[in-house]
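Numbering (our numbering), first residue to last: 7 to 241. Each remark here refers to the structure printed beneath this line.
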Amino acid sequence: MEERIKDTEMGQIDLLEVANVIWQKIWAVIMCFVIGAVLFGGYTKMMVTPQYTATSMIYILGRTTSISSVAELQLSSALTADFTIMAKSRAVINGVIKEMDLNMTYDQLKNSVNITNPSDSHILQIEVTNPDPKLAKDISNTMANAVAENIASVMATDKPSIAEKAVTPGAPSSPNLMKNIAMGGIVGAALAVGLIVLGYMMDDTIKTEEDVRKYLQINTLASVSLEKKRRKKSS
7 MEERIKDTEM GQIDLLEVAN VIWQKIWAVI MCFVIGAVLF GGYTKMMVTP QYTATSMIYI
67 LGRTTSISSV AELQLSSALT ADFTIMAKSR AVINGVIKEM DLNMTYDQLK NSVNITNPSD
127 SHILQIEVTN PDPKLAKDIS NTMANAVAEN IASVMATDKP SIAEKAVTPG APSSPNLMKN
187 IAMGGIVGAA LAVGLIVLGY MMDDTIKTEE DVRKYLQINT LASVSLEKKR RKKSS
């Protein structure tokens, strides 16, 4: 064992030998892969609450804004980042909670909302994630209207248009069952490989003549084969 540890410290691990040891116990790796996949999949399916995401969109430019006005376009582009921050302000979030009579705090609703601005666009996407798909849709649409009104009030301009209303999502956005199953399999297989390699490194038994020459640095003069004794059946 000390020789193998010394070899490890000197970076002289026989990778082919390690690979051969792993291959000889590939059944254990496969078994741990399956067990890990089943455990992660079962936990995801039974213990993790599905989350649904609904998305609505706001067009930043007002109804009467002239598209031919370069100055207006540049201004709206520059202000889009500000609008993204304003969309999650207390005035908007608390207004939605009050309007919908939600049993949620400011932080809870704020954390369930994600505001994004696709590059090179004047669009704000309002994503709301909730265990209830219908509630996610309703909150997203209410948020869109509240954000538009807040922008119009603060900027003293026309109310931005609702480019697209949210619809009830038909499938959960999280958790990703297949991803978690694959992750569980990989974790299980990696654990098996790690234990196999550790067992190999800790094994200090001499098994072959090659081991004698490699670890004890002596040559063998003779070898004795051991055979199991067989009892002869009496006639």
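Just so you know, even glycine gets a beta-carbon here, dropped at the ideal spot from N, CA and C. All values derive from a computational prediction rather than experimental measurement.
When we look at the beta-carbon of residue i and count the other beta-carbons within 10 Å, is it buried (16 or more) or exposed?
i	result
residue 143	buried
residue 63	buried
residue 146	buried
residue 22	exposed
residue 172	buried
residue 60	buried
residue 124	exposed
residue 198	buried
residue 102	buried
Looking only at its chain, what residues have a beta carbon closer than 8 Å to the beta carbon of residue i, apart from the 5 residues adjacent to it on each side?
i	result
residue 95	156
residue 115	99, 102, 103, 108, 145
residue 158	68, 164, 165, 166
Alpha carbon to alpha carbon, how far is residue j from residue i? Give it in angstroms, no decimals.
i	j	result
residue 50	residue 148	31 Å
residue 187	residue 181	11 Å
residue 109	residue 27	58 Å
residue 150	residue 31	58 Å
residue 117	residue 40	35 Å
residue 189	residue 107	40 Å
residue 126	residue 119	22 Å
Within this structure, are the beta carbons of residue i and residue j separated by less than 8 Å?
i	j	result
residue 42	residue 194	yes
residue 243	residue 203	Past the boundaries of the shown model lies residue 243; the chain is included only from 7 to 241, so the question cannot be answered.
residue 99	residue 112	yes
residue 3	residue 166	Lying outside 7 to 241, the shown extent of the chain, residue 3 is not represented and no answer is given.
residue 47	residue 183	yes
residue 129	residue 162	no
Identify, in the order they occur along the chain, each residue of the same chain with its Cβ nearer than 6 Å to the Cβ of residue i, setting aside the five sequence neighbours on each side.
i	result
residue 93	121, 153
residue 191	39, 42, 43
Compute the beta-carbon to beta-carbon distance between residue i and residue j, rounded to the nearest angstrom, for a pair I have assumed lies under 8 Å.
i	j	result
residue 66	residue 90	About 10 Å separates the two Cβ atoms, so there is no contact after all.
residue 56	residue 137	7 Å
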